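Below you'll find the structure, written out as structure tokens, and then a few comments.
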Amino acid sequence: MKRRQQSHRATERVEPNLRPISVRIPVAVKLTGISRSKLYELIKDGSLQTVKVGSSTLIPIDSLERFIDANRS
Numbered sequence: 001m002k003r004r005q006q007s008h009r010a011t012e013r014v015e016p017n018l019r020p021i022s023v024r025i026p027v028a029v030k031l032t033g034i035s036r037s038k039l040y041e042l043i044k045d046g047s048l049q050t051v052k053v054g055s056s057t058l059i060p061i062d063s064l065e066r067f068i069d070a071n072r073s
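Quick note, the sequence shown lines up with residues 1 to 73 if you use the UniProt record's numbering.
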């Protein structure tokens, strides 16, 4: 198994009582239902914050929540 696949799967095995403070793009897509390309647009225009750790792009959960709350109809 490739290292990248292992690390992605590790992200999904978070303890049930622990709330992640940030997620990678593929997890953000699953959590929000927003497409990958739209997430990158939102990052580019500043609507979503990111944290870079090496080559990984993380989106803070609170940034996702603020975006969703601000765009409720």
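Where a beta carbon is used, it is the ideal one built from N, C-alpha and C, also for glycine. Because the structure is a prediction, the values reported are computed rather than measured.
- A residue is called buried once 16 or more other Cβ atoms fall within 10 Å of its Cβ, and A28 is buried on that count.
- When DSSP reads this structure, S56 sits in a beta bridge with V53.
- Nearest neighbour of I21 by Cα position, chosen from K44, Q49 and L39, turns out to be Q49.
- CA-CA distance, K30 to G54, rounds to 23 Å.
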